[in-house]
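Line by line, the protein sequences give chains R and L.
Quick note on my numbering: the first sequence kicks off at 9 and runs consecutively.
Quick note on my numbering: the second sequence kicks off at 5 and runs consecutively.
Think of the CB as a built atom: it goes at the ideal place given N, C-alpha and C, for glycine as much as any other residue.
Worksheet for the structure shown next.
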Amino acid sequence: MSTHETKGSGLKWVGRAIRRLEDPALVTGQGRFTADLPATHWVRFVRSPVAAGSIKSITFPDGARVITAADLSGVKKITPMLHKFSYRPVGQSILADGQVRYVGEPVAIAVASSEEAAEDLADLVDIDIDETAPLVDARDALADGAPQIHAEAPGNVILEGTVKTPGFDSVWDNAARIVAINARSRRQNATPMEARAGHASYDAPTGRITLTCTTQMPHLMRTAITDLLGMRESDLRVIAPDVGGGFGQKMSLCAEYVALVWLARQLKSSVAWTEDRRENLIASFHSRDQYIALEAAFDKDAKLMALRADIVSNVGAYSCFPTTSGVEPLMAMAEMPGPYDVQQYQCRARGVLTNTCTMAAYRGVSRPVITFTLERLMDKAAAAFAIDPIDIRRRNLIAKFPYTSAMGLVYDEATYKETLEMAVAAIDVPAFRARQQAARAEGRYLGVGFATFSERTGYGSPAFAARGMAITPGWETVHLTVDPSGFVEARIGSSPHGQGLRTTLAQIIADEIGVAPDLIKVIHGDTDTAPYGWGTFASRSLVISGGATLLAARKVRAKLLKIASHMLEAAPEDIVLENGSAKVAGTDRTVTIAAMAREAYTQTHRFKGEIEPGLTESGTYDPPGTFSNACHVAIVAVDVETGFVRIERFLVAEDAGRIINPMIADGQVHGGVAQGIGNALLEEIVYDESGGILTANLADYMPPTAQEMPPIELHHLETPSTQSITKAKGLGEGGSIGAPAAVVNAINDALAPFGVQIDEMPATPQRIRAALRASSSAHSRASGKPGA
Amino acid sequence: MTEKSSITLTINGQNHAIAVEPRRTLVDAIREDCGQTGTHIGCEHGICGACTVIVDGEPVRSCLMFAVQAEGKKIRTVEGLATGDTLHPMQQAFIDHHGLQCGFCTPGFLMLAVGVLEREPDIGDDELIDVLSSNLCRCTGYQNIIKAVRAAAAEMRK
Numbered sequence: 009m010s011t012h013e014t015k016g017s018g019l020k021w022v023g024r025a026i027r028r029l030e031d032p033a034l035v036t037g038q039g040r041f042t043a044d045l046p047a048t049h050w051v052r053f054v055r056s057p058v059a060a061g062s063i064k065s066i067t068f069p070d071g072a073r074v075i076t077a078a079d080l081s082g083v084k085k086i087t088p089m090l091h092k093f094s095y096r097p098v099g100q101s102i103l104a105d106g107q108v109r110y111v112g113e114p115v116a117i118a119v120a121s122s123e124e125a126a127e128d129l130a131d132l133v134d135i136d137i138d139e140t141a142p143l144v145d146a147r148d149a150l151a152d153g154a155p156q157i158h159a160e161a162p163g164n165v166i167l168e169g170t171v172k173t174p175g176f177d178s179v180w181d182n183a184a185r186i187v188a189i190n191a192r193s194r195r196q197n198a199t200p201m202e203a204r205a206g207h208a209s210y211d212a213p214t215g216r217i218t219l220t221c222t223t224q225m226p227h228l229m230r231t232a233i234t235d236l237l238g239m240r241e242s243d244l245r246v247i248a249p250d251v252g253g254g255f256g257q258k259m260s261l262c263a264e265y266v267a268l269v270w271l272a273r274q275l276k277s278s279v280a281w282t283e284d285r286r287e288n289l290i291a292s293f294h295s296r297d298q299y300i301a302l303e304a305a306f307d308k309d310a311k312l313m314a315l316r317a318d319i320v321s322n323v324g325a326y327s328c329f330p331t332t333s334g335v336e337p338l339m340a341m342a343e344m345p346g347p348y349d350v351q352q353y354q355c356r357a358r359g360v361l362t363n364t365c366t367m368a369a370y371r372g373v374s375r376p377v378i379t380f381t382l383e384r385l386m387d388k389a390a391a392a393f394a395i396d397p398i399d400i401r402r403r404n405l406i407a408k409f410p411y412t413s414a415m416g417l418v419y420d421e422a423t424y425k426e427t428l429e430m431a432v433a434a435i436d437v438p439a440f441r442a443r444q445q446a447a448r449a450e451g452r453y454l455g456v457g458f459a460t461f462s463e464r465t466g467y468g469s470p471a472f473a474a475r476g477m478a479i480t481p482g483w484e485t486v487h488l489t490v491d492p493s494g495f496v497e498a499r500i501g502s503s504p505h506g507q508g509l510r511t512t513l514a515q516i517i518a519d520e521i522g523v524a525p526d527l528i529k530v531i532h533g534d535t536d537t538a539p540y541g542w543g544t545f546a547s548r549s550l551v552i553s554g555g556a557t558l559l560a561a562r563k564v565r566a567k568l569l570k571i572a573s574h575m576l577e578a579a580p581e582d583i584v585l586e587n588g589s590a591k592v593a594g595t596d597r598t599v600t601i602a603a604m605a606r607e608a609y610t611q612t613h614r615f616k617g618e619i620e621p622g623l624t625e626s627g628t629y630d631p632p633g634t635f636s637n638a639c640h641v642a643i644v645a646v647d648v649e650t651g652f653v654r655i656e657r658f659l660v661a662e663d664a665g666r667i668i669n670p671m672i673a674d675g676q677v678h679g680g681v682a683q684g685i686g687n688a689l690l691e692e693i694v695y696d697e698s699g700g701i702l703t704a705n706l707a708d709y710m711p712p713t714a715q716e717m718p719p720i721e722l723h724h725l726e727t728p729s730t731q732s733i734t735k736a737k738g739l740g741e742g743g744s745i746g747a748p749a750a751v752v753n754a755i756n757d758a759l760a761p762f763g764v765q766i767d768e769m770p771a772t773p774q775r776i777r778a779a780l781r782a783s784s785s786a787h788s789r790a791s792g793k794p795g796a
Numbered sequence: 005m006t007e008k009s010s011i012t013l014t015i016n017g018q019n020h021a022i023a024v025e026p027r028r029t030l031v032d033a034i035r036e037d038c039g040q041t042g043t044h045i046g047c048e049h050g051i052c053g054a055c056t057v058i059v060d061g062e063p064v065r066s067c068l069m070f071a072v073q074a075e076g077k078k079i080r081t082v083e084g085l086a087t088g089d090t091l092h093p094m095q096q097a098f099i100d101h102h103g104l105q106c107g108f109c110t111p112g113f114l115m116l117a118v119g120v121l122e123r124e125p126d127i128g129d130d131e132l133i134d135v136l137s138s139n140l141c142r143c144t145g146y147q148n149i150i151k152a153v154r155a156a157a158a159e160m161r162k
């Protein structure tokens, strides 16, 4: 179910759950994905089987086409850069050069005439490595005397951010109570259903290369790859065709794509690579491997006064481009205070190099982890003060706007308290507590868990500049054209891959220029046809590309009104644009957009120089950012014999500003919550002590199935954003941010009679049973009797 | 391993005479030898179900079947679901209920659901969820897929 309480946009198309324009091709098998392309050459990457060591030799059959680092001299290393936070730039060779630093690192490329032949050849490549002891856990990498993974990063710390507000110490020293948590988030893989794939082809007449690949940011891939290979940027075209999900994993530059472009230039031919699932799980990008020690100072009334955090983020073996290894620790540091009013804050956030797969963005980035940590802490604090978990949130949620956080972030108007109250009312907490008591009497353990959070979305270049990123993304440009036949086409720099942006942007345009959305085409994902832009990530595209679309559409509207004024001999203010025509209000005098467009291109002499020829306008938007918010509630049943958790009910009360298409908005929340539930209960990349991965298939790394998913109840408030010209806020990541905290808080509530504290996710049956066993033996030691 | 066998695959009523190595999986043959790329490959180890097609009336993971095993059988893929310009009720229901986002897993879900409903038109809700949990989707959280399949089931019973 879903309820939307809209404040009414007064618009015809924005706010309507129209069917997606993307779907007809995708349901008929006409989608075009990278792996669908034929190629002359196929490659298989030969990857390091060990986590650390130096390469002694690489041998392969005589005459076979096998590429190693020695062949790639002249290709620069991927060396992402931050200009702040004591960042130590470390370089990644496209193929391991001398050293290997994680299991799965590309060492050689087997090239053959078919995928199978490339796999056969890869099996014959023998890599002899002098193995050394790996560092898998961030705490081991921080230990005194730990081996150096990169000489450039002493102590294996690639960056360290610190902050302390003036006045922190006196507030801290005067606290009535300090509550602490040591939270642990295990490692995840975003696991898009389409793994990575790339296809590079050579165009003989021009010498250009076209790289088709599963990327979320085609333009930046072009910039980055041509930089590394020393090419002119105009000699590379990058296409993101239909992309089968990304969730952040497809945002970062992969060494594999650089190698494909290099190979296509060498071979003057086409060359393709399709990653298999094992490669994706061990060697694409990982995320969320963090330790957070968080302490909170409260006054006697359970008002939060100060937060102190120590964040350790395991960033893997290299730094990801373009965000750098700062993406998790710096996001965690900046947004740790979350939705709560707290003005004193001290934090140290470190990115720590290890011999594991490189960390990069995954939906929500650090926020699922910091929300988990902070919301677990709020529940512990409520218990310490003997007040209800809902009550402690009521006392501390931000209620006055704009609100400037301890980190200097400006929160625009949101509904932290209102969504909490909405969720509380819908859950009927007293009825649940009665049911919980009755169930406990029967030996069944139910729990309810709340998570309230803010979701910073749609932020432009100043937000990225604050991180000191050498590459500072942010703005978006849209070119909107009415062609001479009257057909409307928007070319956008964003690169959607499942978010339905072709539909939602068409809705925005439709309202401005009076043309139905299904007559508007949104073109993206091709550097030859779309304007330079940053792609789709960080819940940005609807806000930023949507804003640029609105700006372009307003200009096209103004121009159409001018042309109509000229053709209809009426004042522009008397003309309305609707149903594909301009009409003089209150009359039957109309002219179609097609006729106006034809005039704009082919009869410009009639404008007498008063109107510029053509009908293309451009809009660029670079907003400061806007905060969505939500309250998630989970009700779970925990089987204390097996540790199995069943989610009985899941509720989201959320506010993402003006909703452009409620159907698509709900779908984004559903998908995010599913990933959050996976994060809470199921999904974990497990390394053994030697740095090998034990979860290299989808039976061991377990995204949720339909069986694990409860129905999700959605409730929406709409607080139009003042920081976004469409009044929309982003909502792509919220589902994944709140769900882990809600689910694990619910598990802890269910297990309260056992005195169990589970502060680690995923909360697997093994971890729940271990906690229960530990509690039971503690009880029996204390009482001399067998415990519960 | 490289000696090829000549076989004929019947896909959506069309015969494709192809030569494949014995190790060639059905999904690779459908996509690469027969050029029907609507069927996708998600894991190649029989977990995700993106490659699900219908073989002699049964939903099958085509990454777990060799092409040579499918000779003489009737194979149906997503390209064969619609009749001319008229979408199959399952395709229409996925659009109407927002049962897809990126669309990569969608062909597999469509073939799974159609195959099961043709066999068991009156399948119960719990059984349906059990069946749909055969395949993975990373975008939708399954809610709208379940809704779409229920709606299509009602339409298919008419």
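In the three-state reduction of the DSSP assignment, R:Q611 falls in the coil class, being assigned neither a helical nor a strand state. Non-local beta-carbon contacts of R:V490 in its own chain, meaning distances under 7 Å to residues more than five positions away in sequence, involve V496, V564, I601, A605, L623 in chain order. Between the region 316–324 of chain R and the region 66–81 of chain R there are fewer than three C-beta pairs closer than 8 Å, too few to call the two in contact. Residues of the region 198–223 of chain R with a C-beta less than 7 Å from any C-beta of chain L: T199, P200, M201, E202, listed in chain order. The Cβ of R:H294 sits no closer than 9 Å to any Cβ of chain L. Annotation: the region 310–384 of chain R contains the following complete segments of the alpha helix (DSSP H) (minimum length 4 residues), in chain order: 335–343. Contact between R:V681 and R:A747 holds, since their C-beta atoms are separated by about 5 Å, short of 8 Å. Exposed is the label assigned to L:T6, since fewer than 16 other Cβ atoms lie within 10 Å of its Cβ.
For L:D100, the chain R residues whose C-beta falls within less than 9 Å of its own C-beta are R27, listed in chain order. Cβ contact annotation for R:R52 (same chain, cutoff 6 Å, sequence separation greater than five): A118, A126, E127, A130, in chain order. An exposed status is given to R:H613, since fewer than 16 other beta-carbon atoms sit within 10 Å of its beta-carbon. Looking at the DSSP output, R:S784 shares a beta bridge with no other residue. Contacts with chain R at 9 Å (Cβ-Cβ) include L:S138. Annotated three-state conformation of R:T634 is strand, per DSSP. Annotation: Cβ neighbours of L:G42 in chain R (cutoff 8 Å, chain order): T36, G37, Q38, G39. Taking a C-beta cut-off of 7 Å against chain L, the contacting residues of the region 703–735 of chain R are N705, L706, A707, P711, T713, A714, Q715, M717, P719, I720, listed in chain order. Sequence-distant Cβ neighbours of L:D100 in its own chain, meaning closer than 8 Å and more than five residues away, are A152, A155.
At a beta-carbon threshold of 9 Å, none of the residues of chain R lie near L:C55; the nearest stands roughly 11 Å away. With a contact defined as Cβ atoms closer than 8 Å, R:Y95 and R:L143 miss out at about 20 Å. For R:R185, there is no enclosing alpha helix (DSSP H); the enclosing beta strand (DSSP E) has its first and last residue at 185–193. Assignment of R:A664 by DSSP, reduced to helix, strand and coil, places it in the coil class. The beta carbons of R:S732 and R:G466 sit closer together than 9 Å.
Counting only Cβ-Cβ distances below 8 Å, L:H49 has contacts in chain R at R285, N705, L706, A707, in chain order. Listed by position along chain L, the residues whose Cβ is nearer than 8 Å to that of R:G554 form an empty set, because the closest Cβ is around 18 Å away. By the criterion of a C-beta distance shorter than 6 Å, R:T544 is surrounded in its chain by Q224, S502, S503, P504, once the five residues flanking it on both sides are discounted. Just so you know, the alpha carbons of R:R245 and R:H227 end up roughly 9 Å apart. DSSP places R:L228 within a helical segment (H, G or I) once states are collapsed to three.
Within the region 29–101 of chain R, the complete alpha helix (DSSP H) segments of 4 residues or longer fall at 31–35, listed in chain order. For R:W270, the enclosing alpha helix (DSSP H) has its first and last residue at 263–275. With fewer than 16 other Cβ atoms from the protein chains shown falling within 10 Å of its own Cβ, R:A212 counts as exposed. Shown here, L:S66 sits in coil according to DSSP, grouped into three states, outside any helix or strand. Around L:L121, the same chain offers A157, M160 as residues with beta carbons nearer than 6 Å, after the five sequence neighbours per side are excluded. For R:Q196, DSSP records a beta bridge to R:S295.
Taking R:L19 as the centre and dropping the five residues before and after it, the same chain places the C-beta of D519 closer than 8 Å to its C-beta, in chain order.
For R:W281, there is no enclosing alpha helix (DSSP H); the residue is found in the beta strand (DSSP E) stretching over 279–282. R:R654 carries a strand assignment under DSSP once its states are collapsed to helix, strand and coil.
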